[in-house]
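Protein chains in written order, with the working numbering: chain L, 1 to 614; chain C, 1001 to 1614. Quick reminder that beta carbons are idealized off the backbone N, C-alpha and C, glycines included. Here the structure comes first, spelled out in structure tokens, and everything after it is commentary.
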């Protein structure tokens, strides 16, 4: 198959080369490529640790219906050497699972479920244990109680050569305490209070999780983010896959592990939005194609169409039904030919009563193609648990003390045809909104979240950033968004967040998600525009009023001289005019008195320049 | 540990939550997250397939010392449905390994070796098999012969639930043929001849691998990239790790698997640039710290310094030596105290004669810290195999027929203290250099490579792009790089390419690599500048000459009238003057005649405007 002499002698042959052939354990792979888990850069690495531990705690609390109480402590132990402690009051980890949860990569409870949770992969916590171990050589200490009277205190390492847990020390004692404490050391990392550090991560977490109480402590100070709402979010539910989001290999997987005895019942029980009616429609679509393809070479097109028309392809007894149609259409033709055709068709026709265990790739592909031609209801979205408009507004008010805040929690929608999602967007203006600049001014801040978990890195390619940048803010009278005291809050809720990479820091630009975020942003921008216009009018009127008040006495004196009327009389009537002209303003001002005091962050409307006025 | 009542009843407890606890196989993980392997986007997915198969072929040929002969065939089978066939004349895969090489993720011969190869991870080929399988349900067909008389023809799937190979069909027959053919189908992908498609990938591959013969065929046409050099690049060698690039966990790993009997010999045999002298220096540095820390509480600082000064910390018998120094410095002091100090020191001192098997984390850390204080020679770079200046120039000349080409293969250097690398940079100008624009013009093209493998995606954050953009091209009289007919070629050679992500499409901005690329670019830019200036001068002189020639007869006639001399005589002497003035140019032109014909892409110097001259 090539021109070289066939018996060419090689310096090194295949056998020699393959002496080095080995299986690589996942733990070895990630030890060498820790950046794929987010452990890259001294600061980002530390934030990633906090992220993995905190999201795990929040997920566990939410699943167990517990109001989360999270403590994060970061102790500086030496140069680029820190201890991180994360404690929660979650359901705890049962003793028999504790070693693998923390000591084996790619294990977990979430990977196989179609459920809205922060974690997805089973790489998070064990990844942090691995990172601790390869930077300090030390095990991670876990204490966990499930509230059943036993608390486990264990020190866990990962055996990197085998990707299996290694318990260094373990003690079990009696206590009714429930929760989990993870205590781990890291070297070669750096703590900062800056924009992408653990503190900021926890501040964002508080913004999107106002049902959580969060205590944060570093070497110099501590802060308590108080719980703002006292209700546990409803427990997220698993959502069955929607037919439109499936690929053949997914369907095969589902079929082969289903307990249903027929494909029809399998489709109805394992997928969402598939009714008996839809099963019949699918059967019709699939078999129309099959009959056409099977008979193509055997009969003229018109005859095939007639057979299809005369068959009831939705019938339960589809084979019998098609046979009847063939006999009707071909009546009078050669008997042998008719039975041949019937035999061929019988072998090809897809009967929904077949066992899902016997489903093959080609059939799965036929079904998936049919799914695309049948109209299904949008996937159920009851499993999606938004934070909610009121709660977001409360959380941001609490965190930023803004002059204006408005949130929108959009209705659920689907992307890529079958994956449910919804977006929540809020804008806060004034107060502590935006980020402080080095010059002491403020600039816009985009807070990005996926299932309430902060996304601090890789903002550039994230759909949230792209959507924000695509808005023509000038149309909403926000002339310079970049330097406005504005916080934009965007949260994507989905059973499957389409991250751009394993680092899970940016959401891919799925068109449906992009559009939903844009709609929400534009909607709030309009409200903000009205608020700012109102603000501006109020400021202008106030300025005018001040000017009138200032000139009323002078004007009164001048008029008095001109008319000979009493200056006091004139002043009183002038004041009355001014008062009635601005009465609306006065009452407004009285109502707004409290917020006015914090109004320094508003756009200042300059006082009319007195000298220029002269 | 929290304020909730200790026996709070939960709706869902830990046991229930952990019913779902499972181990996830790597194959399941990548099936769900195929984008992490580069399978994202219809076009990029197909290019990724070609990349994985071709780099594997080239690596195998190089390791076996074979001049590669690669065939890539892409057949469109239907809408977004393709078959990809890649054939090589490499060493083949031995029968007993064939199933796991293609049917199990994270297996291979390269992961554990410190060697310059295109592949690194053992995810490439099996990843392509997985991608084929989840889009078509079909196995990948492999034919492979090692030249020993047997050829294996197998159809392989991956059992996704267990990440293990599943042989669907296998036949072994007698043939002396040597090489490998991989034949695989893909759906949901798209072929294009555009900038980021398989054709362009192979064109780039040809540019960086001129020792390979590459045949490429798609549905509409075929092309042969001829071999330009007939020499197999030297076989890349494994390079022992350099002490400066090590972390404690690396060193522990090396120590525990080493056959050396003492740490000293382990360091010398397993690491590069560690001589017996360096071992003694390391011992001194480590033990200076140890003695200081151990005695800190027991003796005044001055005494400690004296002991350190009096000890020969480089001594083979270090413990005895330190004991002698202690006795000397503390002579006359309490005997009990002296023996206490000696006992404590004996327990702490790091003796290089200890067994590497017994090395512990803390000691590994001490050694790694010492590595940073000792000066080592730069790592050996004999393992790095550059393409070479001449070969790159030949390859680009062959591919682009440029008017100017110059390449530089820089000397090896190290990044992150211990990882050897070198960069190769070339610039081609004119001819088919640059990319064609939609308007038919040309614009600059950056060809990026890592170990000769093309990088077609994620150019933005790549160190090559950053370096190119950082150059002030105007200084080199390239006014508008963007729209210049220039191809810039950058190849990074390293035993460990610092990719930014698992997609392996962009090289991280390591400062040393960035600087090396910049130096090389600036150096070539200067040469290009001279060439362009020369070009410009030649064009100008040519124009002048043409003008003189045109006016010589006229001038002669005019002079003849004025002087009464014979017009022919005058013309001859004028021509002589012109000829001598431009003699240099004439000889140059004669020499350059051939290239002049292709000179259309040069900057055109306009002919002097005759009318304006009048």
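So is residue i buried or exposed if we call it buried at 16+ other beta carbons inside 10 Å?
| i | result |
| --- | --- |
| residue 1018/C | buried |
| residue 230/L | exposed |
| residue 1031/C | buried |
| residue 488/L | buried |
| residue 1352/C | buried |
| residue 335/L | exposed |
| residue 276/L | exposed |
| residue 1476/C | buried |
| residue 172/L | exposed |
| residue 1434/C | buried |
| residue 1209/C | buried |
| residue 1219/C | exposed |
| residue 373/L | exposed |
| residue 259/L | exposed |
| residue 607/L | Reliability fails at residue 607/L, whose pLDDT of 35 lies under 50, so the model's placement of it is uncertain and the value that follows must be treated cautiously. That one is exposed. |
Thinking C-alpha only, which one of the options is nearest residue i?
| i | options | result |
| --- | --- | --- |
| residue 1288/C | 1340/C, 1147/C, 1385/C and 1350/C | 1350/C |
| residue 371/L | 561/L, 72/L and 272/L | 272/L |
| residue 496/L | 414/L, 165/L and 348/L | 414/L |
| residue 104/L | 532/L, 124/L and 90/L | 124/L |
| residue 207/L | 185/L, 250/L and 426/L | 426/L |
| residue 130/L | 163/L, 151/L, 143/L and 147/L | 163/L |
| residue 1508/C | 1308/C, 1079/C, 1561/C and 1460/C | 1460/C |
| residue 1424/C | 1478/C, 1301/C and 1524/C | 1524/C |
| residue 467/L | 180/L, 419/L and 511/L | 511/L |
| residue 616/L | 485/L, 55/L, 82/L and 85/L | A query on residue 616/L cannot be resolved here, the shown segment of chain L reaching from 1 to 614 and no further. |
| residue 478/L | 448/L, 533/L, 438/L and 546/L | 533/L |
| residue 1241/C | 1420/C, 1326/C, 1522/C and 1091/C | 1420/C |
| residue 416/L | 378/L, 453/L and 443/L | 378/L |
If you follow the beta strand (DSSP E) that residue i is in, where does it begin and where does it stop?
| i | result |
| --- | --- |
| residue 1287/C | Not the beta strand (DSSP E): residue 1287/C falls in the alpha helix (DSSP H), residues 1276-1295. |
| residue 180/L | 178-187 |
| residue 1173/C | 1164-1174 |
| residue 1447/C | 1445-1450 |
| residue 1156/C | 1150-1159 |
| residue 66/L | No beta strand (DSSP E) holds residue 66/L; DSSP gives it neither H nor E. |
| residue 1432/C | It is not in any beta strand (DSSP E) - residue 1432/C carries neither H nor E in the DSSP assignment. |
Looking at the secondary structure, which residues open and close the alpha helix (DSSP H) in which residue i lies?
| i | result |
| --- | --- |
| residue 1268/C | 1263-1270 |
| residue 347/L | 335-348 |
| residue 252/L | 248-257 |
| residue 1369/C | 1361-1373 |
| residue 1313/C | First-last for residue 1313/C: undefined, no H or E at that position. |
| residue 474/L | Where residue 474/L is concerned, there is no enclosing alpha helix (DSSP H), given that its DSSP letter is neither H nor E. |
| residue 1396/C | 1389-1400 |
Is it the case that the Cβ atoms of residue i and residue j are separated by a distance below 9 Å?
| i | j | result |
| --- | --- | --- |
| residue 1195/C | residue 1456/C | yes |
| residue 492/L | residue 203/L | no |
| residue 1513/C | residue 1498/C | yes |
| residue 1137/C | residue 1178/C | no |
| residue 174/L | residue 149/L | yes |
| residue 1156/C | residue 1098/C | yes |
| residue 411/L | residue 389/L | no |
| residue 1169/C | residue 1140/C | no |
| residue 1188/C | residue 1080/C | yes |
| residue 430/L | residue 404/L | yes |
| residue 1318/C | residue 1363/C | no |
For this session: Could you say if the region 69-86 of chain L and the region 40-58 of chain L meet the contact criterion of at least three C-beta pairs nearer than 8 Å?
Result: Cβ pair count under 8 Å is three or more, so yes.
Problem set entry | Inter-stretch contact (C-beta, 8 Å, three-pair minimum) for the region 354-366 of chain L and the region 255-267 of chain L | Cβ pair count under 8 Å is three or more, so yes.
For this session: Could you say if the region 1293-1307 of chain C and the region 1338-1347 of chain C meet the contact criterion of at least three C-beta pairs nearer than 8 Å?
Result: yes
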